[in-house]
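In the UniProt record's numbering, the protein residues as written are 1 to 260.
1. So who's on the other strand from residue 249, going by DSSP bridges?
2. Assign residue 80 to buried or exposed, taking buried as 16 or more other Cβ atoms, counted over all protein chains shown, within 10 Å of its Cβ.
3. Taking 8 Å as the threshold (C-beta atoms), are residue 132 and residue 116 in contact?
4. Would you mind working out which of 149, 196, 104 and 92 sits nearest residue 257, comparing C-alpha positions?
5. In terms of DSSP beta bridges, what is residue 119 paired with?
6. Between residue 71 and residue 163, which are expected to be in contact by the criterion C-beta below 8 Å, what is the C-beta distance as a whole number of angstroms?
7. So, helix, strand or coil for residue 181, using DSSP?
8. I think residue 210 touches residue 236, with their Cβ atoms under 8 Å apart; what is that distance to the nearest whole Å?
9. I'd like to check one pair, residue 215 with residue 244: are the Cβ atoms closer than 8 Å?
10. With burial defined as no fewer than 16 other Cβ atoms inside 10 Å of the residue's Cβ, what is the status of residue 193: buried or exposed?
11. Against chain C, does residue 71 count as a neighbour if the rule is that its beta carbon must be under 8 Å from one of theirs?
12. May I ask which residues mark the beginning and end of the alpha helix (DSSP H) holding residue 158?
13. For the alpha helix (DSSP H) containing residue 102, list its first residue and its last residue.
14. Applying the criterion that 16 or more other CB atoms from any shown protein chain within 10 Å of the CB defines a buried residue, is residue 260 buried or exposed?
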């Protein structure tokens, strides 16, 4: 499977990506040490404002990929840091990578000579990534300042890299959220299409409003009104769009997908 996620690039690049049905994405997360020093703003998730599929994805449909060839072998993701990140931005990236290392079996390792690897850069506009391993080099873009208002945006994009799509696009989402189509910008309705059941999996983990992969309630709204309405009034429904850190289900799904 092929994929990538988050915010907008240039109009020319967007037109080229459309030919390949590109998608861009982001992340949300709970329970992270030190998050009190990083702002949390559910109303401003930059990855949701891009012109790529679902805002920040470059690729086709799924939530958690099922294709073994699209997963990173041996839980390892070789990566290269490029671009001119500030000291604060580098510390956020480092913190997020450590969160994956502490809570999952995934290991992001500096590339040596691996053929398949991730390039983390800030040369383009927006926060976006592919979904899953593409083969060869693949990019994850984190625009300086804009993508570093919290830890969750970087986490969100890295979850795309591992193979996850947005939570509200799951095939079973209609049991948990109502899509208010009348409030969605006309050219953005495609971002709310459900994923195919035979291509994606929730890995046995229940739908999670608090996932770092969930849109906020007003994503792609044309009038400031909600585009998503929670149908289950549980303790987490108000967390839609949070970018504080991993939710328990985010961690659970990663570990189940990669058989940690």
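Ideal placement from N, C-alpha and C gives every residue a C-beta, glycine not left out. Note that this is a predicted model, so its numbers are computed, not measured.
Inspection of the coordinates gives the following:
1. Sequence index remark: in the chain shown, residue 249 carries index 249 (1-based). DSSP output for residue 249 lists no bridge partner at all.
2. Numbered from 1 along the chain shown, position 80 holds the residue referred to as residue 80. Taking all protein chains in view, the Cβ of residue 80 is surrounded by fewer than 16 other Cβ atoms within 10 Å, so the residue is classified as exposed.
3. Walking along the chain shown from the start, residue 116 turns up at place 116. Walking along the chain shown from the start, residue 132 turns up at place 132. Contact flag unset, no.
4. Working through the chain shown from its first residue, we reach residue 257 at position 257. Among 149, 196, 104 and 92, the Cα nearest to that of residue 257 is on 104.
5. Position 119 of the chain shown holds residue 119. In the DSSP output, where bridge partners are listed per residue, residue 119 has 80 and 139.
6. Within the chain shown, the letter at position 71 stands for residue 71. Within the chain shown, the letter at position 163 stands for residue 163. Confirmed, about 6 Å.
7. Your numbering for residue 181 matches position 181 in the chain shown. Helix, per DSSP.
8. Residue numbering aside, residue 210 sits at position 210 when the chain shown is read from its first letter. Residue numbering aside, residue 236 sits at position 236 when the chain shown is read from its first letter. With 8 Å as the limit, residue 210 and residue 236 qualify as a contact, their Cβ atoms being about 4 Å apart.
9. By 1-based counting over the chain shown, the position of residue 244 is 244. By 1-based counting over the chain shown, the position of residue 215 is 215. Not closer than 8 Å, so no.
10. Position 193 of the chain shown, counted from the first residue, corresponds to residue 193. By the 10 Å Cβ count, residue 193 comes out exposed.
11. No chain C is part of this structure, which consists of one protein chain only.
12. For the purposes of this step, residue 158 is taken as the residue at position 158 of the chain shown. Element bounds for residue 158: 152-162.
13. Stepping through the chain shown from its first residue, residue 102 is reached at position 102. Start and end: 87-103.
14. Here the question's residue 260 lines up with position 260 in the chain shown. Residue 260 should be labelled exposed.
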